[in-house]
Ligand SMILES: [Zn+2]
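Numbering (the working numbering), first residue to last: 128 to 191.
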């Protein structure tokens, strides 16, 4: 196993780790979006919004 093989394995490992991190953050956003859509009227609001921009209902708090 030469240095070239090691470099390839190293790069592939980093890409796998980055992929897992990106998928995790995406799933977190999807869960937050699902919670926001839980507003009584189902209107999709901006991330971080505290009140529905259509009916004015208070939205569930986002986990930080
Ligand atoms: Zn609403």
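Built from N, CA and C at the ideal position, the CB exists for glycine as well.
Computed from a predicted model, the values in this text were never measured in an experiment.
Nearest residue (CA-CA) to residue i, options the options
{"i": "residue 174", "options": "134, 182, 155", "result": "155"}
Residues sharing a beta bridge with residue i, DSSP
{"i": "residue 137", "result": "DSSP output for residue 137 lists no bridge partner at all."}
{"i": "residue 185", "result": "178"}
For residue i, three-class secondary structure by DSSP
{"i": "residue 166", "result": "coil"}
{"i": "residue 146", "result": "helix"}
{"i": "residue 74", "result": "Since the first residue shown for the chain is 128 and the last is 191, residue 74 is missing from the structure and cannot be characterised."}
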